[in-house]
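Down below is the structure, laid out as structure tokens.
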Ligand SMILES: *Cc1c(COP(=O)(O)O)cnc(C)c1O
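Numbering (our numbering), first residue to last: 217 to 643.
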């Protein structure tokens with residue numbers, strides 16, 4: 217970076233520092249434009265975006281179809297609240313429920329709101345359908361989870377930063393180790409008559425892209441069925457093509473999440489979507505379930521001023537059409553294989569610096585062979601930025617790589633060349 221450019225970036229960083237709460241620790245890069253898998257900073261420097269706003273930008277930055285839809289709908293009608301009907305909501309609800317194969321959807325805005333909605337829905341079902349005594353409902357969650365930032369959600373976080381000094385905490389949650397079928401079996405066998413649900417991420421993204429065994433999700437779902445407990449899948453980060461299937465709970469079914477039979481599909485009772493549901497242009501989340509569950513929520517019992525607004529509905533429908541039309545799920549699956557092959561070569565060559573690569577589709581992580589307290593991964597990401605690729609460490613020594621799914625094979629190789637260059641320089 218040149219001196220003047222550096223100043224320009226520093227100007228924006230200083231403004232944030234002086235006037236904004238310090239609840240993030242961003243890389244010192246100030247972005248001002250994006251297109252497809254690229255972003256540009258205020259100095260005009262181009263980068264591959266390998267974070268994709270935590271997988272919200274699966275369809276690529278500023279996708280023309282999604283942006284046009286956003287602008288057009290904003291000009292026509294942006295918000296009515298749910299006190300009145302609007303002419304976008306029903307169309308979107310039909311489209312979304314058909315797309316994912318559920319009877320009903322409850323529209324919200326952010327991911328955390330989606331999770332909150334799922335928790336409320338699950339508890340209410342527990343009392344009114346399963347017959348759990350008042351205020352006794354329990355929900356089983358997994359260690360190292362990430363489901364958002366509300367007071368209730370952080371109540372069952374195991375991250376001291378997310379949780380510390382925010383108590384008193386919401387009761388009614390029990391934690392079992394992630395990926396451990398036996399632990400789940402034991403938890404569900406303990407007074408199952410008061411367990412309303414199990415809430416899991418099919419892959420733990422924030423925790424560092426932890427991929428459980430292939431049979432974990434189907435087995436947890438089967439255990440839930442056995443005990444009349446709702447299986448709730450948080451696919452906010454893993455869903456909508458990211459892992460090479462439309463939903464991660466589709467597993468490795470070769471239908472790419474688009475088959476009718478859904479042979480290996482583990483169907484959750486409640487599905488939570490967010491992030492890429494709008495292609496990163498607008499906060500849109502959704503909770504899907506069938507009638508016997510969704511019908512427990514009646515008028516006045518849950519809602520959101522912005523949930524289901526016309527802009528959100530138009531944008532989300534377009535964003536899902538883009539996923540299908542551009543075959544982004546298939547691209548994620550194929551390029552994920554290429555990416556992990558390229559990274560595995562580096563891991564094999566530089567074991568002193570790199571421990572392993574893991575992931576599914578284009579949700580992958582490279583684990584740095586150093587303690588989580590070390591600065592190695594952070595410095596690695598600074599060097600990547602210097603060479604034109606943006607990624608961020610999670611939990612100290614893990615670097616998540618999740619480019620927009622519109623990336624081409626040639627672009628992916630160029631990005632891998634950048635990573636390889638930095639690895640060679642740091643090894
Ligand atoms: C990002 C995320 C959330 C929270 O979504 P927000 O839109 O940030 O509230 C919840 N669950 C998972 C798995 C996520 O990745």
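From the three backbone atoms N, C-alpha and C, an ideal C-beta is built for every residue, glycine too.
These numbers were taken from a predicted model, which means no experiment stands behind them.
Practice problem: Since I believe residue 395 is in contact with residue 432 (beta carbons under 8 angstroms), could you give me their beta-carbon distance rounded to a whole number of angstroms? | Solution: 6 angstroms
Quiz item: Since residue 450 sits in a beta bridge, which residues does DSSP pair it with?
Solution: 488
Quiz item: If you compare alpha carbons, which of 559, 289 and 321 is closest to residue 506?
Solution: 321
Quiz prompt | Three-state class that DSSP yields for residue 376 in the structure shown | solution = helix
Quiz item: Is the segment 325-332 in contact with the segment 481-492, if contact means three or more CB pairs nearer than 8 angstroms?
Solution: yes
Practice problem: May I ask you to check if the CB of residue 454 is nearer than 8 angstroms to at least one heavy atom of ligand 1? | Solution: yes
Quiz item: How is the alpha helix (DSSP H) around residue 626 delimited, first residue to last?
Solution: 625-642
Quiz prompt | Whole-number beta carbon distance between residue 448 and residue 278, since they are thought to touch under 8 angstroms | solution = About 33 angstroms; that fails the 8 angstroms criterion.
Practice problem: Hey, could you find the ends of the alpha helix (DSSP H) residue 278 is sitting in? | Solution: Counting along the chain, residue 278 falls outside any alpha helix (DSSP H), and DSSP gives it neither H nor E.
Quiz item: Quick one, which of 615, 294, 298 and 575 has its alpha-carbon nearest residue 428's?
Solution: 575
Quiz prompt | Sequence-distant residues of its chain with Cβ nearer than 8 angstroms to residue 229 (five each side left out) | solution = 244 and 246
Self-check item: C-alpha distance - residue 625 paired with residue 535, whole-angstrom precision
Solution: 22 angstroms
Quiz item: Any heavy atom of ligand 1 within a distance shorter than 8 angstroms of the CB on residue 323?
Solution: no
Quiz prompt | Cα-Cα separation between residue 596 and residue 528, rounded to whole angstroms | solution = 37 angstroms
Exercise. Indicate the three-state DSSP secondary structure (helix, strand or coil) for residue 576 in the structure shown.
Key: strand
Exercise. Compute the minimum distance between the beta carbon of residue 450 and the heavy atoms of ligand 1, and state whether it is under 8 angstroms.
Key: yes
Exercise. List the residues that DSSP assigns as beta-bridge partners of residue 610.
Key: 614
Quiz item: Quick one: is residue 242 buried, meaning 16 or more other Cβ sit within 10 Å of its Cβ, or exposed?
Solution: exposed
Quiz item: Taking 8 angstroms as the line, does the beta carbon of residue 336 fall inside it for any heavy atom of ligand 1?
Solution: no
Self-check item: Closer than 8 angstroms: residue 491 CB and nearest ligand 1 heavy atom
Solution: yes
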